[in-house]
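So the sequence shown is residues 1 to 446, counted in full-length UniProt numbering. Even for Gly, the Cβ is constructed at its ideal location relative to N, Cα and C.
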Amino acid sequence: MASLFSIAEIIAATGGQAHNIKAENISSVSIDSRSIAKGALYVPIVGERFDGHDFVEGALKNGAVVALVSKEHANRFSGLATIIVPDTLEAMVDIARAARMRSKAKIIAITGSAGKTTTKSMVAQILQEEGKTHASIKSFNNHWGVPLMLANMAADTQFGVFEIGMNHSGEIIPLVELVSPHIALITSIGAAHLGNFNNIEGIARAKAEIFSGLMPDGCAIINSDHDHMEILISQARLDGVQNITSYGFGQEADVKITNYKVQDQTSSAYISMADDEFTLKLAVHGTHSIANAAGALIIADCLGVDMNKALESLEKFEASKGRGEVLLFGAGNKTIELIDESYNANPSSMAAALAVFSQRKRRGGNRILVLGEMLELGANSNQAHMDLAAAINACSANKVFMVGKHMQVLKPAIEPYSEVFLTNDAKQICPQIVNGLDWEDQIMVK
């Protein structure tokens, strides 16, 4: 069992008081008592609906060798292996900071309204072939997810790839200062979480906070396919960033994407970088996938990775669950095609998914859309949903199932072109969807 930290290092980082600890090292840091690994440090997080301290005993029984415990709960665990600290989340941040301070790894931080998880995965896949790479799992990108991922970075890591998210202005600053990246990338600017901002310009400024934590001589990489480049570049320069690279489908981009082709299962494009042009081939579909790959290639180039090796690595990239994965049910000429885009929905990711579905080759059966409402859009919610009408109609769907009260405004715009079903209960509509399926149907869930 590899050692992540010694107990002495944990105590030094947190300033905590140790009790009843027999182990000398920890193998990992975990906040989930159910999936905790042998030798782990358990960190109980206090949330709105639960208190992780209720699971300390279970975590220790399941393999943890020690648990952080806040002072107010210390008496509950007097006979157990604990480190008593004022605040468990802050203590985990302290451990994360210690992991960053000891590390010689090249660190990459990625944010954006859409595409950050896929871009992170692409970057990690490229770098894993270059050296020991540590990357955020799932979408652990918030105030506890980022320190948890950083705290688990081994001392001998060569590359660290971190996803950083936000719901409000100011949230990225402490996270990027903790991660201290050498490279920061913004994948997109869109209306995600618009309800927490006055306008999309506010979202752009909040995303640009990622440049505040860049290491000296760090690289800023920005997707230019939106209307807010001036805000992002201006903020990067205010933060002292000299090395700024833009990429996108427009002629103004430093790294240009041209001659792109999107098919049912694949995508391709030319990537013009400095004086060189490379051919990108992907086993995933969509112009958004091409853009994500271009961002990943620029990161690889900044780190000195051979472009041909990086391109070969991306050819093997596969869509992850809920992010464009294509599934076939059945066998032979009796199949149903499911495009799983179900992970999350905001205006940018919804538009991208609909664009991909509209371009897919039609099968012999029905084309079906299952769409959930988009949340956290505030006063802009009705307009943001209405803005999807043209993209939905472009899919030429026979049936459109819509879930959530915010989808109601779309119904009149779609009914002339498709059979529309509307409900506030996803479970209620599932039998209707499943029972209505037939061979050669094509269904996308978003």
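Less than 6 Å between C-beta atoms, sequence neighbours within five positions excluded: which residues of the same chain meet that for residue i?
i, result
"C302", "I183 and C219"
"A91", "T14, L68 and V85"
"Q359", "V262"
"S267", "L282, H285, S289 and I290"
Work out the CA separation of residue j and residue i for me, nearest whole Å.
i, j, result
"A279", "Y260", "The question names Ala, but residue 279 is Thr in the sequence shown. T279 and Y260: Cα-Cα distance of roughly 10 Å."
"S33", "A59", "4 Å"
"D387", "F421", "19 Å"
"A319", "M350", "16 Å"
"S234", "W439", "53 Å"
"N167", "N196", "7 Å"
"F77", "E48", "22 Å"
"A384", "V146", "29 Å"
"A37", "N346", "34 Å"
"K321", "H406", "25 Å"
"S28", "H53", "18 Å"
"S381", "N141", "24 Å"
"K71", "A2", "30 Å"
"L410", "T117", "29 Å"
"A331", "L311", "33 Å"
"K427", "E9", "48 Å"
"L327", "L80", "47 Å"
"V445", "M101", "43 Å"
"L238", "G202", "17 Å"
"G240", "H226", "23 Å"
"residue 524", "N199", "No answer is possible for residue 524: it lies beyond the span of the chain, which begins at 1 and ends at 446."
"I257", "P431", "43 Å"
"G39", "N344", "34 Å"
"D425", "D275", "54 Å"
Can you round the beta-carbon distance between residue i and residue j to whole angstroms, since I take them to be within the 8 Å contact cut?
i, j, result
"R367", "Q442", "5 Å"
"I84", "Q158", "Contact doesn't hold; Cβ gap of about 35 Å is too wide."
"I189", "S113", "6 Å"
"L297", "M307", "7 Å"
"S6", "N20", "That belief does not hold up - the Cβ atoms of S6 and N20 are roughly 17 Å apart, past 8 Å."
"M149", "S103", "Actually they are not in contact, since the Cβ atoms of M149 and S103 sit about 13 Å apart, beyond 8 Å."
"M229", "S246", "7 Å"
"I271", "V123", "Rounded, the Cβ-Cβ distance is 15 Å, inconsistent with contact."
"I31", "W144", "7 Å"
Check whether the Cβ atoms of residue i and residue j sit closer than 7 Å, and answer yes or no.
i, j, result
"A96", "L41", "no"
"I221", "R205", "no"
"Q128", "F317", "no"
"F329", "I336", "yes"
"A23", "V65", "yes"
"G404", "G372", "yes"
"T82", "P44", "no"
"A253", "I244", "no"
"L185", "G295", "yes"
"N292", "G63", "no"
"M215", "S180", "yes"
"A99", "A151", "yes"
"A389", "A352", "no"
"V400", "S418", "yes"
"E341", "G365", "no"
"E171", "V305", "no"
Quick one: what's got a C-beta closer than 7 Å to residue i's C-beta in the same chain, skipping five residues either side?
i, result
"K120", "I110, A135, S136, V161 and E163"
"C395", "L354, F357, S358, R367 and L369"
"D156", "K132"
"S224", "S246, Y247, G248, G250, E252 and A253"
"I429", "F401, V403, F421 and T423"
"A397", "R367, I368, L369 and S418"
"K361", "D264"
"K309", "E129"
"N393", "I414 and Y417"
"Q408", "L422"
Enumerate in chain order the residues of its own chain whose CB-to-CB distance from residue i is below 8 Å, with the five nearest sequence positions on each side excluded.
i, result
"I173", "E209, S212 and G213"
"K106", "Q158, F159, G160, H182, I183 and L303"
"E277", "Y270 and I271"
"Q242", "D217"
"R363", "E337, E440, D441 and Q442"
Problem - Continuous beta strand (DSSP E) assignments of at least 3 residues falling wholly in the stretch 205 to 285 - result: 219 to 223, 243 to 248, 255 to 262, 267 to 273 and 276 to 282
Handout entry: beta strand (DSSP E) runs contained entirely in the stretch 111 to 139, provided each spans 3 or more residues
Key = 133 to 135
Problem - beta strand (DSSP E) runs wholly inside the UniProt domain "Mur ligase C-terminal" (334 to 443), at least 3 long, in chain order - result: 334 to 340, 367 to 372, 399 to 403 and 419 to 423
Exercise for the section: Can you check the stretch 63 to 101 for any alpha helix (DSSP H) of at least 4 residues that lies completely inside it and give the ranges in chain order? Expected result: none
Exercise for the section: Pick out the complete alpha helix (DSSP H) segments inside the stretch 18 to 44, 4 residues or longer, and give them in chain order. Expected result: none
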